[in-house]
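Since the structure comes first, as structure tokens, the remarks are kept for the end.
There are 2 protein chains.
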Amino acid sequence: MKVASLKSGRDGQLLVVSRDLRHAVPVPDIADTLQQALDNWEALAPRLQVRYAELNAGSAPHALDFVPAACAAPLPRAFHWADGSAYVTHVELVRRARGAELPESFWSDPLVYMGASDAFIGSRDPIEVENEDWGIDFEAEVVVVTDDVPAGITPQQARQHIKLVGLVNDVSLRNLIPAELGKQFGFYQSKPWTSFSPVLATPDELGGAWDGARVHLPLRATLNDRLIGAPNAGVDMTFDFPTLIAHCAKSRSLVAGTVIGSGTVSNAGSESGSCCLAEVRCLETIADGKPSTPFMRFGDRIEIDMLDAQGQSIFGRIDQVVQRYQPPR
Amino acid sequence: MKVASLKSGRDGQLLVVSRDLRHAVPVPDIADTLQQALDNWEALAPRLQVRYAELNAGSAPHALDFVPAACAAPLPRAFHWADGSAYVTHVELVRRARGAELPESFWSDPLVYMGASDAFIGSRDPIEVENEDWGIDFEAEVVVVTDDVPAGITPQQARQHIKLVGLVNDVSLRNLIPAELGKQFGFYQSKPWTSFSPVLATPDELGGAWDGARVHLPLRATLNDRLIGAPNAGVDMTFDFPTLIAHCAKSRSLVAGTVIGSGTVSNAGSESGSCCLAEVRCLETIADGKPSTPFMRFGDRIEIDMLDAQGQSIFGRIDQVVQRYQPPR
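So the protein lines, in turn, are chains A and B. Mapping the first sequence onto numbering that gives the first Met the number 0, position 77 (from 1) lands on 76, and the numbers just tick up by one. Mapping the second sequence onto numbering that gives the first Met the number 0, position 111 (from 1) lands on 110, and the numbers just tick up by one.
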């Protein structure tokens, strides 16, 4: 099953979207918003599934054309967003580029930060930034959305709490990061917006590409029509999603609709390219002593997508342009 | 005006609470939940204010006794929670206790971390923790709640976005903090629950104790009937609330219902005591070479309150007991 949220009010209007992403249908008789559906997922998901089957069969009344640009993030505002750095080879590469060692514990203890769950934007929304000098970067990631997760569960128990899968662009302001990390309180100003793929899908939509813990497909990041990378999200993911969820729920429960991110997808050696410019620049620094690829500029366009074995987009494409933001006077 | 949320569903039932905290009235004709009210505050606050005046005059129909234990956090789940460390003398003290220097920039650049806005609990809810060895501590703080805050505003502009004021206990697991801060991604497992005062109040309720930016009253923290401290929240607050809000909104907007925290209230010299055990232990370490006050144990009771000039509680009392949590098998 695939779901999206039409732009409407603060929380959007829940849509069930056809497998081929061509049609959609509002489901106000089941739930007005995706958060409402997630709040009562066990009861409502089967009913949404019935509507999804009708939509795919072409027999759903009130079906519309699916227009990603008319959609907000599937959860336009969420209650919790925790982003991991699950591809530790990427973290190792970043450290190597600045001549630092990777602590041994990084291979066994997940890195996770809390992100801004009130700053989710749609797949075609502009990325509004005030200043190019902040070092604008994209980060292509896979995310999962959970139902209610009790505190203290094991990774094995966490598997059953993964209800939806999707993609995000975790926009990062690289030049604001060193000072923030130096303060040890984590990212704040350096992680402004997170944009979502037009749809989220239940794990069964991934077929054999989902092993219950990871998505085994390339994640494609394209900047100004140039493919920057397509590393496989199932490769070198040191901490799988159930492990990340269990880590996040160690000392408290997680509410339904919690979004858990993989961090920038990255494969050791980066032979399939990279999912953020920071990694490209680290590779350049290691090879040449300094980076040559600039960060994003106003007007730059970033596309993020994941295709199935038949070349069809699974979640729809993130497709955004960076735009100058003018603060109020 | 004072507001609270009766425990009901996931988001509670909005109550208007009388100034003396004795009576309350649901307002379903105005808004079902506090989030709904905040989503449309400009239109709805005047109507809530009318009901508040009726309630204080004893003329509101359907008025009930106000029972803090029947209430959730005023926002049982929120979309954003950003907590500052606005009392820099506290940060300096903590550093001094471990023999570290305070970077000069800490006096001009606010320390802020994103907290878990899906893990808000009521004023009388138990603090559930699996393991005493995690170093259970309270942190008594003042918080404000905003309406929609545009990105890039100035501290002066931020003043008008402060709609409600209250208290929190930012529960901290001290023994999990060093490893988390060492990873530079900020707090995660070490900041599980945040409990709220039974009510939030509009700033006008504070009278002369509110200067548009700070609350000039002592914040009382009492552990097992012993006053640990009552430092004045208006003293030594290096970064006032408008400055914290502007810092948080530097690179993106903040959604209505954003909670901004002061961090542990602390006065230079700690002559009026402390608002967390960590500060008590730091003072002991500086004086004696090691701390003698233990962290909290199962069964310990923490009370946090703020009284007006007449000795009346403004927000109601946070009054919680630490309780052992048993994870699912």
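The beta carbon of each residue, even a glycine, is placed where N, CA and C say it ideally should be. This one's a predicted model, so the numbers in the text were calculated from it and none came from an experiment.
Which residues in the same chain as A/N174 place their Cβ atom closer than 7 Å to its Cβ, once the five residues preceding and following it in sequence are excluded?
D132, W133 and G134
With a threshold of 7 Å between beta-carbons, can A/R97 be considered close to chain B, or not?
no
Quick check: the segment 211 to 224 of chain A against the segment 20 to 27 of chain A, are there 3 or more CB pairs under 8 Å?
no
Could you list which residues in chain A have their beta carbon closer than 7 Å to that of B/L180, in chain order?
Q183
Throw me the rounded Cβ distance for the A/S196 and A/G315 pair, which I believe falls under 8 Å.
5 Å
So, do the segment 303 to 321 of chain A and the segment 2 to 22 of chain B have three or more beta carbon pairs nearer to each other than 8 Å?
no
Could you give the distance in angstroms between the alpha-carbon of A/I126 and the alpha-carbon of A/C70?
If you draw a straight line from the Cα of A/I126 to the Cα of A/C70, it comes to about 15 Å.
Which same chain residues, not among the five before or five after B/E53, have their C-beta less than 6 Å away from its C-beta?
A59
At the level of alpha carbons, what is the spacing between B/P230 and A/A72?
43 Å
Helix, strand or coil: how does DSSP classify A/C247 here?
A/C247: helix per DSSP, three-state reduction.
Which same chain residues, not among the five before or five after B/I176, have their C-beta less than 6 Å away from its C-beta?
Excluding positions up to five away in sequence, the list reads S189.
What's the C-alpha gap between B/S107 and B/G233?
The straight-line gap from Cα to Cα measures roughly 18 Å.
Between B/R158 and the rest of its own chain, which residues show a CB-CB distance below 6 Å, the 5 nearest in sequence each way excluded?
G211 and P241
By Cβ distance, which residues of its chain are closer than 7 Å to B/V264, with the 5 residues on each side in sequence left out?
Y86, A139, E140, V141, L218, P230, A232 and C274
Run down chain A in chain order and give the residues with a C-beta less than 9 Å from the C-beta of B/L253.
A115, D117 and A118
List the whole-angstrom C-beta distance separating B/H79 from B/V258, where the pair is believed to meet the contact cut-off of C-beta under 8 Å.
7 Å
Looking at the structure shown, is A/F186 part of a helix, part of a strand, or coil, going by DSSP?
coil
Give the C-beta separation of B/A245 and B/T153 to the nearest angstrom, bearing in mind that I take them to be a contact with Cβ-Cβ under 8 Å.
6 Å
Can you give the Cα-Cα distance for B/T88 and B/F294, rounded to whole angstroms?
Just so you know, the alpha carbons of B/T88 and B/F294 end up roughly 22 Å apart.
Residues of chain A with CB under 8 Å from B/P326, in chain order?
P149, A150, G151 and I152
Any chance you could list the beta strand (DSSP E) runs of at least 3 consecutive residues sitting entirely within the segment 2 to 63 of chain A, in chain order?
12 to 16 and 22 to 25
Opposite B/L222 in the DSSP bridges: which residues?
Answer is B/R225 and B/I301, bridged to B/L222.
Leaving out five residues before and five after A/R9 in sequence, what residues of the same chain have Cβ atoms less than 7 Å from its Cβ?
P75 and R76
By the DSSP assignment, the alpha helix (DSSP H) with B/E278 in it spans what residues?
L276 to D287 is the span of the alpha helix (DSSP H), which, as asked, contains B/E278.
Once the 5 residues before and after A/L37 are set aside, which same chain residues still bring their CB inside 6 Å of it?
A255 and G256
Please report the distance separating the alpha-carbon of A/S171 from that of B/V143.
27 Å
Just to make sure I have the definition right: I need the residues of chain B whose C-beta is within less than 7 Å of the C-beta of A/K249. Which are they?
Q188
My understanding is that A/L243 touches A/P109, with C-beta atoms under 8 Å, so please give their C-beta distance in whole angstroms.
6 Å
Under three-state DSSP, which class holds B/L205?
Looking at B/L205 - three-state DSSP - the assignment turns out to be helix.
What did DSSP end up calling B/A232 once you bin it into helix, strand or coil?
coil
Along chain A, in chain order, which residues have C-beta atoms closer than 8 Å to that of B/L110?
K182 and F184
Just list the residues that DSSP pairs A/Y112 with in beta bridges.
A/D82
Under three-state DSSP, which class holds A/T369?
With chain A represented from 0 up to 328, any question about residue 369 of chain A goes unanswered, as that position is not in the structure.
Name the DSSP beta bridge partners of A/E140, please?
A/V167
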